[in-house]
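> Right, I'll just put the structure down here and ask away after.
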Ligand SMILES: Nc1ncnc2c1ncn2[C@@H]1O[C@H](COP(=O)(O)OP(=O)(O)O)[C@@H](O)[C@H]1O
Ligand SMILES: [Mg+2]
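Residue numbers (the numbering used here), protein chains in the order written: chain A, 671 to 1081; chain B, 7 to 227.
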């Protein structure tokens, strides 16, 4: 098996190296975030716990990014996978290879992340490190094995399963449970029935995690509904195509936009809080953290965009041969990003402001809302712009996808 | 109307076309036949302005098109040519009628007008029932008819079809061929039809046979 892995990796192309690097780096960042979060969340200091919670929340989308990068593995080395199958490898072998590679990359990445954590938190606790590394590696194995599920590597070539991934009711239930826990924590304050002194804090933290997770998933519904609406009214072919493409695969967009949504949510929330207080220095720090989160989200979007192009290249190459200008197809990519990102960012910003204002409703002043809403609109704009810029940056890749050879490959 | 003189094209060391000359009259149906690898697809792509030949020229209505700039050539393909591939290559995320309306929309017709024209073409090709279905729900023969509608909807001068029945059974292939040629004749479009199947070639007014990138002489009836 190891020999086969070596064979697969010999003469890796540049996209493959970039992808492997992305998986490793993502695992490293996630390990660092989780270790730091665990060391901060000691429940003695409320501020520290909240920061820890925020870091832990950020680790979720980073893990999502790692999984997405793993999914790309099969796509970037179609030819050699097909050759392996021709040489007699079973589909299970292909999956095992993915697991092996995903686990290996997650192990090295999370080790590197832990080293950075240990160096930067010299007096901090080291106990969580081995747990985090084991957890990340196991995650890498599972993700690597599952990544190949959407791809059928047959001896005649690699095809993607038809994309019929719709929204699920489960996602909405997650978000509702989160809201219920949050509301219970807020209204019961100290008198939470279970968990003693920390009961309220734990319930609210869990509620927050569930809510954000559920919202990310429920974004699928939102994206699909918006895209369907836009598709029905589209006047230009670019908008029609973009809307229909988003509508047919809202899950992938929801996943890719999860970090963007989280960043906008936190950004709008911190804006609503800034309005009432005067700690500009502390808030400047938060804004820097938000900027970093936005960069992570851009990375997730780049991976998604690459995957999207692999899916679309046949249709797009045929359209180009029929006389559709490359410029128009580039515009489809950008509009797709805008159609998917706008509802997600708008709802995330509104939710961010809403959570802050609702939790301190008794003392919140109406005039603070002006700043809070300005910030929310600005965060929405930044989120949508990030998504569109990534799509814009994918145009050189588009040119490669449009070459006629794409259509010669057969099926 | 469409004329190629001395076309040559190589890929690396493989010489796909070696001095091929053909002429296509308005409304004529020409079959390009020959064994696999003979250069049929390459010839079709050069004629359709998708590939540029290394030497020789392609002339449409007295205007050389192989030397046009990329933007002009793209516009020409969009307005004067239609193209049908072996597997249709429709956009799976769009419905059948949206796929057919797409070229009109790219030629900047209004949505209502484009959709109405697309529906009319689907009717002409006897796939009107499939108008609102996604491509994945259609049979191979239905897909090819939608692809033919997409190629003809702009009223092109020439339709290029590369093995349009290659993925279909005999009956389905016959139905697609009669539908395509009927619609092309009605619209006054010439058809360049690449095939390695003699039964399909029999639908054509004239046959050009290629071998190793050159025209085999003396087979024009
Ligand atoms: N994009 C390409 N890259 C490399 N070789 C090609 C390419 N296109 C065509 N060829 C080669 O040119 C020759 C003619 O191909 P083609 O025109 O597709 O033949 P046909 O359609 O008659 O089967 C073949 O030897 C083929 O391998
Ligand atoms: Mg061919």
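Built from N, CA and C at the ideal position, the CB exists for glycine as well.
These numbers come from a predicted model, not from an experiment.
Determine whether the Cβ of residue 994 (chain A) lies closer than 7 Å to any Cβ atom of chain B.
Start at 1 with the first residue of the first chain, and residue 994 (chain A) comes out as number 324. True, the Cβ-Cβ gap to chain B drops below 7 Å.
> Taking 5 Å as the limit, name every residue whose beta carbon sits nearer than that to some heavy atom of ligand 1, in sequence order.
Residues with a Cβ closer than 5 Å to any heavy atom of ligand 1, in chain order: A:1075, B:17, B:20, B:22, B:42, B:43, B:44, B:45, B:46, B:47, B:48.
> Is residue 832 (chain A) helix, strand or coil when you go by DSSP?
Position 162 of the first chain, counted from the start, is the residue given in the question as residue 832 (chain A). The predicted position of residue 832 (chain A) is uncertain, since its pLDDT is 45 and thus under 50; no value can be drawn from it.
> Are the beta-carbon atoms of residue 1016 (chain A) and residue 1056 (chain A) separated by less than 7 Å?
For the purposes of this step, residue 1016 (chain A) is taken as residue 346 along the first chain, with counting starting at 1. For the purposes of this step, residue 1056 (chain A) is taken as residue 386 along the first chain, with counting starting at 1. It is not a contact, given that the beta carbons lie outside the stated cut-off.
> Please list the partners that residue 984 (chain A) has in chain B, where partner means a Cβ-to-Cβ separation under 8 Å.
Locating residue 984 (chain A) in the first chain gives position 314, where the first residue counts as 1. The answer, in chain order, is 95.
> Starting from residue 89 (chain B), trace the alpha helix (DSSP H) in both directions and tell me its first and last residue.
As a first step, residue 89 (chain B) must be located in the second chain, where it is residue number 83. Counting along the chain, residue 89 (chain B) falls outside any alpha helix (DSSP H), though it belongs to the beta strand (DSSP E) covering 87-90.
> What residues in the stretch 888-913 of chain A have a beta carbon less than 8 Å from any beta carbon of chain B?
Per Cβ criterion, the list reads 904, 905, 906, 907, 910, 911.
> Using the rule of at least 16 other Cβ atoms within 10 Å of the residue's Cβ for burial, across every protein chain shown, is residue 40 (chain B) buried or exposed?
Position 34 of the second chain holds residue 40 (chain B). With 16 or more other Cβ atoms within 10 Å, it is buried.
> Under DSSP, the beta strand (DSSP E) around residue 217 (chain B) begins and ends at which residues?
The residue you call residue 217 (chain B) lines up with position 211 of the second chain. Per DSSP, residue 217 (chain B) belongs to the beta strand (DSSP E) from 212-217.
> Give me whichever residues DSSP pairs with residue 30 (chain B) in a beta bridge.
For the purposes of this step, residue 30 (chain B) is taken as residue 24 along the second chain, with counting starting at 1. B:8, per the DSSP bridge assignment.
> Going along the chain, which unbroken runs of the alpha helix (DSSP H) with 4 or more residues stay wholly within the stretch 133-188 of chain B?
You should have 146-158.
> Interface residues of chain B around residue 998 (chain A) at Cβ under 9 Å?
In the first chain, counting from the first residue as 1, residue 998 (chain A) sits at position 328. The contacting residues are 112.
> Counting C-beta neighbours from all protein chains within 10 Å, is the total for residue 17 (chain B) 16 or more, i.e. buried, or is it exposed?
Numbered from 1 along the second chain, position 11 holds the residue referred to as residue 17 (chain B). So residue 17 (chain B) ends up on the exposed side.
> In whole angstroms, give me the CA-to-CA distance for residue 695 (chain A) and residue 976 (chain A).
The residue labelled residue 695 (chain A) in the question sits at position 25 within the first chain. The residue labelled residue 976 (chain A) in the question sits at position 306 within the first chain. Distance between the alpha carbons of residue 695 (chain A) and residue 976 (chain A): 18 Å.
> Output the distance between the C-alpha atoms of residue 1030 (chain A) and residue 1036 (chain A), rounded to the nearest integer angstrom.
Against the first chain, residue 1030 (chain A) aligns to sequence position 360. Against the first chain, residue 1036 (chain A) aligns to sequence position 366. The alpha-carbon atoms of residue 1030 (chain A) and residue 1036 (chain A) are separated by roughly 12 Å.
> Counting contacts by CB-CB distance shorter than 7 Å, is residue 143 (chain B) in contact with chain A?
Locating residue 143 (chain B) in the second chain gives position 137, counting from the first residue. Residue 143 (chain B) does not count as touching chain A.
> At what residues does the beta strand (DSSP E) containing residue 63 (chain B) begin and finish?
Numbered from its first residue, the second chain carries residue 63 (chain B) at position 57. Run containing residue 63 (chain B): 61-66, per the beta strand (DSSP E) assignment.
> Could you tell me the alpha carbon to alpha carbon distance between residue 66 (chain B) and residue 697 (chain A), rounded to whole angstroms?
On the second chain, residue 66 (chain B) is found 60 positions in, with the first residue counted as 1. On the first chain, residue 697 (chain A) is found 27 positions in, with the first residue counted as 1. If you take the alpha carbons of residue 66 (chain B) and residue 697 (chain A), they lie about 58 Å apart.
> Along the alpha helix (DSSP H) that carries residue 913 (chain A), what are the first and last residues, could you check?
For this step, residue 913 (chain A) is matched to residue 243 along the first chain. Residue 913 (chain A) -> alpha helix (DSSP H) spans 907-918.
> Just the Cα atoms here: how many angstroms apart are residue 123 (chain B) and residue 100 (chain B)?
As a working note, residue 123 (chain B) is residue 117 in the second chain. As a working note, residue 100 (chain B) is residue 94 in the second chain. Rounded to whole angstroms, residue 123 (chain B) to residue 100 (chain B) spans 16 Å at the Cα level.
> Within the continuous alpha helix (DSSP H) that includes residue 74 (chain B), where are the two ends?
For the purposes of this step, residue 74 (chain B) is taken as the residue at position 68 of the second chain. First-last for residue 74 (chain B): undefined, no H or E at that position.
> For residue 924 (chain A), which of A:944, A:769, A:897, A:937 has the nearest alpha-carbon?
Residue mapping note: residue 924 (chain A) aligns to position 254 of the first chain, counting from 1. Ranking the options by Cα distance to residue 924 (chain A), first place goes to A:897.
> Once DSSP output is grouped into helix, strand and coil, what is the label at residue 39 (chain B)?
To locate residue 39 (chain B), count along the second chain from 1; it is residue 33. If DSSP states are grouped into helix, strand and coil, residue 39 (chain B) belongs with the strands.
> Let me check understanding here. Comparing Cα to Cα, which of B:165, B:103, B:133, B:109 lies closest to residue 228 (chain B)?
What the structure shows of chain B is the stretch from 7 to 227, and residue 228 (chain B) is not part of that stretch, so it cannot be assessed.
> Using the C-alpha atoms, what's the distance from residue 206 (chain B) back to residue 765 (chain A)?
Translated into positions along the first chain, residue 765 (chain A) becomes position 95. Translated into positions along the second chain, residue 206 (chain B) becomes position 200. Rounded to the nearest angstrom, the two C-alpha atoms are 43 Å apart.
> Using the rule of at least 16 other Cβ atoms within 10 Å of the residue's Cβ for burial, across every protein chain shown, is residue 790 (chain A) buried or exposed?
In the first chain, residue 790 (chain A) corresponds to position 120, counting from 1. With fewer than 16 other Cβ atoms within 10 Å, it is exposed.
> Can you confirm whether the stretch 878-894 of chain A touches the stretch 79-98 of chain B when touching is taken to mean that 3 or more C-beta pairs between the two stretches lie within less than 8 Å?
Too few Cβ pairs lie closer than 8 Å, so no.
> At 8 Å on the CB atoms, spell out the chain A contacts of residue 83 (chain B), in chain order.
Locating residue 83 (chain B) in the second chain gives position 77, counting from the first residue. Near residue 83 (chain B) (Cβ distances below 8 Å), the residues of chain A are 991, 992, 993.
> Quick one: any contact between the stretch 1019-1033 of chain A and the stretch 912-926 of chain A, if contact means 3 or more CB pairs under 8 Å?
Contact fails: fewer than three Cβ-Cβ distances are below 8 Å.
> Quick one: residues in its chain with C-beta nearer than 7 Å to the C-beta of residue 778 (chain A), no 5 flanking neighbours on either side, listed in chain order?
As a working mapping, residue 778 (chain A) is identified with position 108 in the first chain. Closer than 7 Å at Cβ, skipping near neighbours: 694.
> Taking its Cβ as the centre, do 16 or more other Cβ atoms sit within 10 Å of residue 801 (chain A), making it buried, or is it exposed?
Stepping through the first chain from its first residue, residue 801 (chain A) is reached at position 131. Exposed: under 16 other Cβ atoms inside 10 Å.
> For residue 795 (chain A) and residue 933 (chain A), I'd like the C-alpha separation in whole angstroms.
Numbered from its first residue, the first chain carries residue 795 (chain A) at position 125. Numbered from its first residue, the first chain carries residue 933 (chain A) at position 263. Using only the alpha carbons, I get a separation of about 28 Å.
> State the CB to CB distance for the pair residue 45 (chain B) and residue 219 (chain B), rounded to an integer number of angstroms; the pair is presumed to be in contact (CB under 8 Å).
As a first step, residue 45 (chain B) is located in the second chain; it is residue number 39 there, counting from the start. As a first step, residue 219 (chain B) is located in the second chain; it is residue number 213 there, counting from the start. Contact flag correct, Cβ pair sits at about 4 Å.
> At 7 Å on the CB atoms, spell out the chain B contacts of residue 915 (chain A), in chain order.
The residue given as residue 915 (chain A) occupies position 245 in the first chain. Under the 7 Å cutoff, chain B gives 99.
> Check whether the Cβ atoms of residue 10 (chain B) and residue 28 (chain B) sit closer than 7 Å, and answer yes or no.
Here residue 10 (chain B) refers to the residue found at position 4 of the second chain. Here residue 28 (chain B) refers to the residue found at position 22 of the second chain. Closer than 7 Å, so yes.
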